[in-house]
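Data first, discussion second: the structure below is written as structure tokens.
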Amino acid sequence: MIEIAKVFPVAQLKAALKHGPVMVKSKPGATAASSGAVQVAAVPKKVWRFLTDYGSHPEVLRVIASEKLVHRDDTRAEVRMKFGVHVSMVRIGVDLTMDVTEHPEHRIDFVLRDGRTVRFNGYWEVVPLDHHAAVLFGLEGDVRHLGWPVRAILDRFHSLDSGIASAIVSAILTDMDLYFSRSGGRS
């Protein structure tokens, strides 16, 4: 997993975010990984409230068609989601059940419980900045097991797998930025 906070210490991240979102991605290969960060116009508490209100994500994050909190116990949750993204002229969509671990007010880790991918995991992180927050998001997965059409496309276009991860991370960070700049984080 590529974690933006390990690539950019907080002081460097803060300086980089003044110029817009920051992204890093893996080299093409069997595992696609991407991570990014965006500064949002909200305090960390509002960002955290949004991130842990799983049912509200489809209203804001366009790559999530639906999401439902199935079960929650203290810092653990089970979340079901319908997820999809366009990469070039291909739409990749999948139903996922994620096991979620919340590290209060700071970080959320998620890992695929079942679905059509072999491995899929990621994280959300909220980093306090002066009077607002940075949202960090990353994911890693092997999307080649979504079925023969996807596998055939990815075998032909090797850089597309890391492109899918980057497209998802970029879309989510853009949506987070727009949501908090328009709403001030009403969640």
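If you're matching positions, the sequence shown starts at 91 in this note's numbering and goes up one per residue. Backbone N, C-alpha and C fix where the C-beta goes; we use that ideal spot for every residue, glycine too. Quantities reported herein were computed from a predicted structural model and do not represent experimental measurements.
Collapsing the DSSP output to three states places A131 in coil.
Under the criterion of beta carbons closer than 8 Å, G145 and K158 qualify as touching, at roughly 6 Å.
Annotation for P148: the continuous alpha helix (DSSP H) segment containing it runs 147-150.
A straight-line Cα-Cα distance of about 31 Å links E230 and H221.
Within the same chain, Cβ atoms closer than 7 Å to the Cβ of R152 are found at A261, D265, the five residues on either side in sequence being excluded. Annotation for I154: the continuous beta strand (DSSP E) segment containing it runs 154-163. Boundaries of the alpha helix (DSSP H) around K104: 100-107. Here H147 is buried: its Cβ has 16 or more other Cβ atoms, across all protein chains shown, within 10 Å. DSSP places L226 in the uninterrupted beta strand (DSSP E) bounded by 223-231.
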